[in-house]
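Colleague: Mapped onto the numbering used here, the consecutive letters of the sequence shown carry residue numbers 336 to 699. Below is one structure. I have some questions about it.
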Amino acid sequence: MNLLLKEIRDSPMLWLLVAVPVVFVAAILIPEAHTTLFVLSVLAIVPLAGLLSHATESVAAKTGDAAGGLLNATLGNLTELVIALAALRAGEYTLVKSSIAGAIVTNTLFMLGASFLLGGLKYHFQEFNRASARLQAGLLFLATVGLLMPSAVAEMDSSSAAAVTQQLSLGLALLLIVGYGLGLLFSLRTHREIFAAAEHAQTDEMPWPIGLALVTLAGVTVLVALVSEIFVESVQKAAEAFGMTPAFVGFIVVALVGGAAEMASAFSGARKNRLDLSVGIALGSASQIALFVAPVLVLLSYVIGPSPMDLQFPPGVVVMVLLATITAMFVTNSGRSAWFVGVLVLMVYLIFAITLYVLPPRMP
């Protein structure tokens with residue numbers, strides 16, 4: 336506990352932790368002040384992301400960057416899952432699908448590109464395990480193929496398209512979950528030797544004890560999920576005040592804030608020349624959302640939703656996910672990166688963001 340208090344005392348960013356209780360109190364006292372709650376929730380998520388970053392690096396120091404990246408991606412995606420479950424119960428399937436697609440694109444392009452850029456500004460070249468990146472990009476491509484099929488079936492005769500799409504989505508959900516599980520078995524068990532992290536510079540920082548790191552991970556993840564719920568409830572009204580469109584909010588703003596904890600870990604890893612951790616978090620999180628979170632939400636919609644949800648996304652959304660996947664496969668193929676590679680990836684993300692800002696996609 337002394338280590339945790341020392342970290343908070345020595346880091347000015349973590350002083351913003353005072354915003355965490357403030358946002359909870361404000362949500363009770365002034366629930367209609369959406370703009371205020373939006374700003375407070377963002378200020379609260381930033382220091383929580385910093386704590387999660389340090390705890391993840393401490394776990395990765397014990398388990399290796401591959402397992403550390405998977406752990407961070409899993410805990411970080413709990414936030415998206417909690418948000419999506421709340422929307423699922425309310426039958427807001429448009430919001431669910433928007434958050435899924437936005438998280439995939441943001442993690443694949445913004446988180447990966449910014450990690451390359453931030454690491455490249457400090458190191459001339461950086462290396463990472465090409466096999467691991469290829470596996471995650473391959474899993475993401477599998478998910479993209481799965482998302483393409485329901486959209487293709489939807490073009491059939493309208494009298495039978497809905498039923499076929501629903502049956503197809505259920506089968507694809509089960510298949511994608513199996514594919515994700517087999518990918519974990521392959522990378523963490525049967526062929527884990529080929530996914531070892533590339534050598535990186537040693538750091539003088541002492542990692543936290545594994546017990547403190549795990550407790551911090553669990554506690555901070557719960558707080559991030561709770562603050563994120565307040566954020567989601569206030570973001571639409573706040574977006575209107577700031578002149579942002581619903582499409583831009585769903586795909587860009589919610590995805591960026593929801594992934595803040597993972598981004599802090601990925602960016603910190605890149606600056607410390609631990610690019611395997613950064614790539615593992617970025618692509619691992621995107622593939623986990625596409626292959627596990629989205630299919631699980633389809634299955635849970637049969638239990639807690641007002642009606643079953645399918646995996647049919649608008650064609651424009653599927654194209655963005657496909658292009659993001661192809662971009663990730665292209666830039667990770669060599670196993671090396673530099674700052675300009677990050678700029679190129681971020682440029683693709685900015686093209687999507689500008690398009691969504693001026694021309695919101697028509698969600699089903």
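Each residue gets a CB set at the ideal place from its N, CA and C atoms; glycine is no exception.
By the DSSP assignment, the alpha helix (DSSP H) with MET579 in it spans what residues?
Modeller: Run containing MET579: none; DSSP gives neither H nor E here.
Colleague: In whole angstroms, what is the alpha-carbon distance linking HIS459 and PRO650?
Modeller: If you take the alpha carbons of HIS459 and PRO650, they lie about 39 Å apart.
Colleague: Can you tell me which of VAL592, GLY546 and TYR637 puts its alpha carbon nearest to the alpha carbon of PRO382?
Modeller: Nearest of VAL592, GLY546 and TYR637 to PRO382, Cα basis: VAL592.
Colleague: Give me the residue from ALA688, GLY585, LEU483 and GLY516 with the minimum Cα distance to LEU503.
Modeller: Looking at the Cα atoms, LEU483 is the closest of the given residues.
Colleague: Work out the CA separation of ALA496 and LEU386 for me, nearest whole Å.
Modeller: In a straight line, the C-alpha of LEU386 is about 47 Å away from that of ALA496.
Colleague: To the nearest angstrom, how far is the alpha carbon of TYR428 from that of ALA422?
Modeller: Taking the straight line joining both Cα atoms gives about 7 Å.
Colleague: Can you tell me whether VAL693 is buried or exposed, with buried defined as 16 or more other CB within 10 angstroms of its CB?
Modeller: The residue in question, VAL693, is exposed, as its Cβ has fewer than 16 Cβ neighbours within 10 Å.
Colleague: Could you compute how far the alpha carbon of LEU470 sits from the alpha carbon of ALA621?
Modeller: When rounded, the distance between both Cα atoms is 12 Å.
Colleague: Let me know the secondary structure DSSP gives GLU564 once reduced to three states.
Modeller: Here GLU564 sits in helix by DSSP.
Colleague: Enumerate in chain order the residues of its own chain whose CB-to-CB distance from GLY670 is below 8 Å, with the five nearest sequence positions on each side excluded.
Modeller: Only GLU462, PHE463, ASN464, ARG465, ALA468 and ALA533 meet the Cβ criterion.
Colleague: Can you tell me whether VAL567 sits near the ligand ZN, meaning its C-beta is under 6 Å from at least one heavy atom of the ligand?
Modeller: Only the bare structure without any ligand can be found here, which leaves the ligand ZN out of the picture.
Colleague: By Cβ distance, which residues of its chain are closer than 6 Å to VAL555, with the 5 residues on each side in sequence left out?
Modeller: Closer than 6 Å at the Cβ level, and outside the excluded window around VAL555, lie LEU383, LEU386 and LEU387.
Colleague: Since GLU564 and VAL417 should fall inside the 8 Å C-beta cutoff, what is the C-beta to C-beta distance between them, to a whole number of angstroms?
Modeller: Contact flag correct, Cβ pair sits at about 7 Å.
Colleague: Considering only their Cβ atoms, is the gap separating ASP645 from THR551 smaller than 7 Å?
Modeller: Not closer than 7 Å, so no.
Colleague: Pairing CB atoms from the region 589-603 with CB atoms from the region 559-577, are three or more of them under 8 Å?
Modeller: The region 589-603, when compared against the region 559-577, does touch it at the 8 Å Cβ threshold.
Colleague: Can you tell me whether LEU637 is buried or exposed, with buried defined as 16 or more other CB within 10 angstroms of its CB?
Modeller: It should be noted that the sequence gives Tyr, not Leu, for residue 637. By the neighbour-count rule (16 or more Cβ atoms within 10 Å), TYR637 is not buried but exposed.
Colleague: Provide the residue span of the alpha helix (DSSP H) that contains ASP611, from first to last.
Modeller: Segment 610-623, the alpha helix (DSSP H) holding ASP611.
Colleague: Which residues in the same chain as LEU452 place their Cβ atom closer than 7 Å to its Cβ, once the five residues preceding and following it in sequence are excluded?
Modeller: Excluding sequence neighbours, LEU452 sits near TRP674, GLY677, VAL678 and LEU681.
Colleague: My output table needs one value for GLU367: the three-state DSSP class, helix, strand or coil.
Modeller: GLU367 falls in the coil class under three-state DSSP.
Colleague: Within 8 Å, do at least three Cβ pairs link the region 518-528 to the region 628-637?
Modeller: The region 628-637, when compared against the region 518-528, does not touch it at the 8 Å Cβ threshold.
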